[in-house]
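**Q**
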Amino acid sequence: MIERRSRLARMIAIELPILAVVLFAIAPYAWMVLTSIRPDADLSTFPLSYVPSQVTLEHYATLLQQTSFLQNLGNSLVIAAGAVVVGLLTSVPAAYAFSRFRFRGRQMLMTQFLVINMFPVVLLIIPLFVLMRNFHLLDSYFGIIIGHSTFAIPFAVWMLTSYMNGIPREVDEAAMMDGATRLQTIRLVILPLLMPGIVTTAIYIFVTSWNEYLFAMMLSGDHVRTVTVALQLFIGEFTVQWGLLTAGGTLVAIPVTILFLIVQRRLVGGLTAGAVKA
Amino acid sequence: MTQTRRQLLPFYFLAPALLVELAIIFYPVLQTTWMSLFDFVLFRPNSVPFLGFGNFARAFADPVFWLSLGNSAIWIVGVVALQFLLGLGTALLLNQSFWWRGMARALVVIPWALPSVIIGLMWTWMYDYNLGVINDLLLRLHLIAEPIAWLARPDTTLPSIMLALIWQGFPFFAVTILAGLQTVPAEQIEAAEIDGANAWQRLISVVLPSIAEVLATVLLLRTIWVANSLDVILVMTGGGPGYASYTLPLYAFLKAYSGMEYGYGAALSLILTVLLLAVVYFYVRRVSRVEGTA
Amino acid sequence: MERRTFVKLTGAAALAGALARPAAAQQQTTITWWYHFDNPQASPADLVSQFEAKNPSIKIDAQNIPWGGGTDYYTRLFAALVAGNGPDTALVKLSNQARLLELQALAPLDDMIAGWNGKSDIADSIWTLNKASDGKQYYLPAQYVVIYLYYRADLFKAAGVEPPKTFDEFRSVAKAVTKGGVFGFGMRGGAGGYDNWGPFVLGGGANFSKGGMVSDAALKANRDYVGFFTTDKIVPPSAPTDGFQQIIANFKAGRSAMAIHHVGSSVDMDKALGDKVSAVPVPRGADGKGWTLYGDESNAIFSAAKDKAAAFKWITYLSGEGNAELVKLSGQLSVTTSGAKQDTLHPARFVQASTDSLPIAGVLPDSSKTADFVSTVWPTNMQQALLGQITPDQMMQAIDKQFNG
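One line per chain: the protein sequences are A, B and C, in this order.
In this text, residue positions in the first sequence follow the numbering used here: the first is 471, and each later residue adds one.
In this text, residue positions in the second sequence follow the numbering used here: the first is 974, and each later residue adds one.
In this text, residue positions in the third sequence follow the numbering used here: the first is 327, and each later residue adds one.
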C-alpha cells in the first residue's frame, strides 16, 4: 500500500513534469515531422488540419534520391566529429592548466579566450574568409573543422575548467603520493572522473558544429557542403520547398539525438566514495 | 624539474589551444577592431577615411542603437533566465531514476539539435496568423476570440521570438547541469537526508552549492552566446516590425551586410563586446576572490 | 587603407598566396559561374555539357551558392571579390550593379556584345533597362519576371466583382471581398514587400529623384496605401511582417483574395488552385499611369576574370541558345523572343499577365543606396508607418533622405 502510494506520488512529482517538458521540447519537432509526411497541398488548407489528407513519403524519397542531402549529412558528421576531436585535444590540456596551476597571466588568458568569442562571428566572417583563402583552406573539410573548433575552444575550455575544478586537488595529490607521474594521474585518475564533463563538452562542440551555418556557408563550396547549407538551399527566392525542408529538418536532428542516447549513460559517474584518503 | 621548467609547464598544456586561436581568429578579431576606427564600406575599399572614434560617436547619437541596446537587454535577461530555470528544473528531473530516463534525456536534446534556419521557419509558421498551430489551438481552447498576429505586433514580437530561443536553448542548460549534478558527492546528500532535510532543503543547501561553479560558468557562457545570437531573429522577422525586434548584434549585422558599412558594424559589435566584457570581468574577479579564500 | 593593404593584412599566410602559378601551355580554360536556382534539384549539368560539347576548349565550373534571402549570396560574392577570389561570371541583379561598379569589379561588355549575333533576339527595352548609369553595358540579360496581381477567381465570382484596373477599383474590390476573416489583399510588409508598395506609390506619382517622394501626389499615394491597413482594413493584421511565404500561403488557403507576386510562383499556384487563380497586371492610376517592378537577373563578367572571351561565350550561350533551358531550371521568363515562344513551363495566363505588364515595368534606381533601401530602409519605415509609430509622410521623407541626402 505504502509502495503504491509513493509510486504514484513519485510519478506525479517526477514523471508528469518530465513528460510535460519532453512534450514541450518535441512539439514543434513533431509538427515538422507531421508536415514532412503530408502532401504540400495540405499546407494551405484552412482551417488547419491536424490529420494529413494522406500520408506520403514522397518528400523523403525526393530528398534522398534527387538531392545530395545524404552526402551533406555525411559531410556535417565528418566536420562535427573532427571539431570534437580537435576541440577536446586542445581544450582538455588547457583546462588542466587553468584548473591545476596558478601562474601569472592565468586570469588574463582565461578571459581573453572568452573575449575572442564575444565578438560576433558575423563581423569576423569576411576577414576570416580572406585568411582561409590565403591558407588555401576554402572548400575543404579541414578548413571548416578548424573554423568550428576555433569557436568551440573558448567555451569548451571554460566548461572543462569548471568541471575539473569540481574534482578536488586531493585526488591528484593522493595519486601522485602513490607514485603516479603527472601524466599517469591525468590519464588514469582525472580523465575518468572528468568523463561527464568531457562528454558534455564533446556534445556541446558537436552540436555547435552541426548547427553552424555562417561559417559553413562562406567557406564551403560544392565539394564540402554541410547539411545546414543544404537546407538553406531549399529556401529560394520565390519558393520554399516545405516538403523537402521539413523532411530534411526531421532527419537533421536524428544523428545528434542518437549520439546523445548513446553517450548519456556516460553522464552518470563521478566521485566514488573512498577515492580520497580520509 | 628546474624552477623555470616548472613555471613553463602550464604553458605547454595551454599551447595547442592558444596556437589554434592565434593562427585562426586572432588576426580577424584585430582586423575587425581596427576597422571600427575607419569609415570602411565594403564596396569602396580604396577610400577608407580614418574616423578615430567617429563610428562610436555616431552610435551613441543613433536612436536605433539605443533601441537595439534596450531590446538586447530584455532579450538577454529574459532568454537566459528562462532557459536557465527551465534547464535547471529539467536537469533535476532527469537526474532522478525512472524507466524511460534514457529516452527522455535524448528527446529533450532535440530543440538544441536543429539548425537556426529550421527553428526560425517552424516557429514563424507556428505563429502564423491564419495557418499557425498556436493561434489555432488557442482559438479552439477559447482562450482568444480571434487570431493574434504574434510577429506583426510590436508588443508581442520580441517575446514570441524569445520563446523560440528559450525552447532552443534550455536543453543546453539541462545537459550541462545534469553532468554537473553527477559530481555532487553522494555522502553529502546522504548526510543531509540523515539530518532530516527534505528534497527541497537538500537541493538548496547541498546540491546547488556544490554545482555553483558549473552553474555560474554555464550562465556566463550562455549569456555571451545569447547576447550575440541573431540567426533566429533574422529568419523570423528580420528585426521587424519596424525596430521592435532589433537587437544590437542584428543591427551590426544589417549595417555590415546589407548596408555594407563594415566600419560602423564593427564599432557596434565592439560596444557590445565591451559591455559583455564588463560582465565577464566581474565574474572572474568574484570567482578568483572565492578561490582565494577557499 | 587601400584594398591591397587590406588583403595583405591577412598575415604571414600571404606567403602561400604569393606563389606564382607556372605558365600553362594548355589551351583549356575553366570558367567559374555562380548561380542560384530556387529548386536545388534543378541542375545546370545538361546546359554545361551541351555548351562544353560545342566549345571543347572551355570547361564550366558551375557553383550553386545559397541565396539566403539575397544576403548570403551577395555577401559571398562581395567577400570573394574583395579577397581576389571571385568567380569569372555570376548571376547578378541590377540592385547591386552600382556597388559592384564602385568596387570596380565589372568588365564592360559593349565591344563583345556588338559582335554578338544573338543580341537582336533580346528586346531593346530590356537592353536599356540593364544599362549602367555610365552608359556602358555590364550586365547581359538572362531572365526576368514582372510583378503582377494574382486574384482568386472563385472569391471574386462569389462577391460579384471583376479584377481591378485602377487604384480606386482595387480598393472597392478589396472591400467587397473582405468579410468573415477573408481579406481583400494580402499585403507584404516584410522584406521584399517594396514590390507590393511600388505599383501603388511609384505608380501613383512618386519617384526617386530629389523631392520625388514628398510631392503631393506621392504623399497621397502612400497615405492611401498605408490606409489599406489602418483605415480600410482590407489587409490582414499580420501584414507588417508578412513575407513571401505568408502572402502566398494565405492566398492559397483562401484567406486573402489578391496577392502581388510574379510568374516565378505561378506553376506552384496553378498546381494548388488551378482555375481558382488567375492574374492581371497591377492596377494603375485613373490617368492610366502605373508602375510595376521588372525583376531582372543577368550575367556579368568580373574584371578579374582571366579569359573574358571564353566567359562571354558562356554567358551568351545562357542568354542565347541555352536561354530556354536556363529559364526552365530557374522558373523565370526568357529574355529572348525565341525563348519566350518555347515556354511550356508556365501556364499561359500568367505569362500573358507578365507581358501585358511590360509597358509599365521599371527598375529601382541604379545607386549604391538601393540595396540598403530594399533590405532595411523600406521595411523598417513601411512597418513603422503601418503600425502608426510614424506617419506615412515621415516614411516618405525617410526614403527621400536615403536617396537624396
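We put the CB at the ideal spot given by N, CA and C, even for glycine.
This one's a predicted model, so the numbers in the text were calculated from it and none came from an experiment.
Beta-carbon of C:L713 versus every beta-carbon of chain B: anything under 9 Å?
**A** Contacts with chain B at 9 Å (Cβ-Cβ) include C:L713.
**Q** Roughly how many whole angstroms lie between the Cα atoms of C:K632 and C:G412?
**A** 11 Å
**Q** Closest to C:F628 by C-alpha separation, out of C:G395, C:G410, C:L528 and C:G553, would be which residue?
**A** C:G410
**Q** Helix, strand or coil for C:V333, going by three-state DSSP, please let me know.
**A** Any answer about C:V333 is weak, because its pLDDT of 46 lies below 50 and its placement is not dependable; what the coordinates show is given next. Look at C:V333 here: in three-state DSSP terms it is helix.
**Q** Based on Cα-Cα distance, which residue from A:Q734, A:F730, A:L701 and A:V710 lies nearest to A:V722?
**A** A:L701
**Q** Residues in the same chain with beta-carbon distance under 6 Å from C:T739, minus the five sequence neighbours each way, listed in chain order, please.
**A** With chain C represented from 327 up to 731, any question about residue 739 of chain C goes unanswered, as that position is not in the structure.
**Q** Closer than 7 Å by C-beta to B:G1105: which residues in its own chain qualify, once you throw out the five before and the five after it? Chain order, please.
**A** W1098 and M1099
**Q** Is it true that the stretch 582 to 589 of chain A meets the stretch 630 to 646 of chain A, where meeting means three or more beta-carbon pairs spaced less than 8 Å apart?
**A** no
**Q** With DSSP run on the structure shown, which of helix, strand or coil describes C:K559?
**A** Here C:K559 sits in coil by DSSP.
**Q** Is the beta carbon of C:S375 closer than 9 Å to that of C:Q353?
**A** The answer is no: Cβ separation not under 9 Å.
**Q** Here's the rule I'm using: 16 or more other beta-carbon atoms within 10 Å means buried, otherwise exposed. How should B:L1114 be labelled?
**A** exposed
**Q** Look up C:F509 in the DSSP assignment and give the residues it is bridged to.
**A** C:F509 is bridged to C:S582.
**Q** On the three-state DSSP scale, how would you describe C:K787?
**A** No information on residue 787 of chain C is available, as it lies outside the stretch 327 to 731 that chain C covers here.
**Q** Can we count B:R978 as close to the ligand MN, meaning its CB is less than 8 Å from some heavy atom?
**A** Within the structure as shown, the ligand MN is missing, as the structure has no ligands at all.
**Q** With a 10 Å radius around its C-beta and 16 neighbouring C-beta atoms as the bar for buried, classify C:I586 as buried or exposed.
**A** buried
**Q** What does the Cβ neighbour count give for B:F1026, buried or exposed, with the cut at 16 atoms within 10 Å?
**A** Around the beta carbon of B:F1026, a 10 Å sphere encloses fewer than 16 other beta carbons of the protein chains shown; the residue is thus reported as exposed.
**Q** What residue range is occupied by the uninterrupted alpha helix (DSSP H) comprising C:Y465?
**A** That residue, C:Y465, is in no alpha helix (DSSP H); its beta strand (DSSP E) goes Y465 to V472.
**Q** Grab the span of the beta strand (DSSP E) containing C:Q389 for me, first residue to last.
**A** I384 to N390
**Q** State yes or no: is the C-beta of A:P624 within less than 9 Å of the C-beta of B:E994?
**A** yes
**Q** With 16 as the cutoff for other CB atoms within 10 Å, does B:R1195 come out buried or exposed?
**A** buried
**Q** Could you tell me whether the Cβ of B:R1017 comes closer than 9 Å to any Cβ of chain A?
**A** no
**Q** What does A:I705 pair with, by DSSP beta-bridge criteria?
**A** A:V710
**Q** How should C:P705 be labelled, buried or exposed, when 16 other C-beta atoms within 10 angstroms of its C-beta is the threshold for buried?
**A** buried
**Q** Under three-state DSSP, which class holds A:H529?
**A** helix
**Q** Would you mind listing the alpha helix (DSSP H) stretches within the stretch 602 to 677 of chain A that are 4+ residues and don't spill past its ends, in chain order?
**A** 611 to 635, 639 to 647 and 652 to 655
**Q** List, from N- to C-terminal side, the alpha helix (DSSP H) runs of 4 residues or more that fit wholly inside the stretch 1116 to 1154 of chain B.
**A** Runs of the alpha helix (DSSP H) inside the stretch 1116 to 1154 of chain B: 1130 to 1154.
**Q** Grouping DSSP H, G and I as helix and E and B as strand, with all else coil, what is C:E378?
**A** helix
**Q** In terms of residues, what are the limits of the alpha helix (DSSP H) holding B:V1187?
**A** Per DSSP, the unbroken alpha helix (DSSP H) holding B:V1187 starts and ends at A1185 to N1201.
**Q** For A:Q654, would you say it is in contact with chain B, using Cβ-to-Cβ distances shorter than 9 Å as the test?
**A** no
**Q** Consult DSSP for C:I627 and reduce its assignment to one of helix, strand or coil.
**A** Of the three classes helix, strand and coil, the one that applies to C:I627 here is strand, per DSSP.
**Q** What does the alpha-carbon distance come out to for the pair C:V527 and C:N548?
**A** One C-alpha to the other measures close to 5 Å.
**Q** Does chain C have any CB closer than 9 Å to the CB of A:G613?
**A** no
**Q** Could you give the C-beta distance for B:L1094 and B:F1146, rounded to a whole number, given that I count them as a contact under 8 Å?
**A** About 24 Å; that fails the 8 Å criterion.
**Q** Count the C-beta pairs between the stretch 417 to 429 of chain C and the stretch 685 to 696 of chain C that are closer than 8 Å, then say yes if the count reaches three, no if not.
**A** yes
**Q** Of all the options C:D521, C:I357, C:P370 and C:A479, which has the alpha carbon lying nearest to the alpha carbon of C:W617?
**A** Answer by Cα proximity: C:D521.
**Q** Do we get a CB-CB distance below 9 Å when we pair C:T401 with the residues of chain A?
**A** yes
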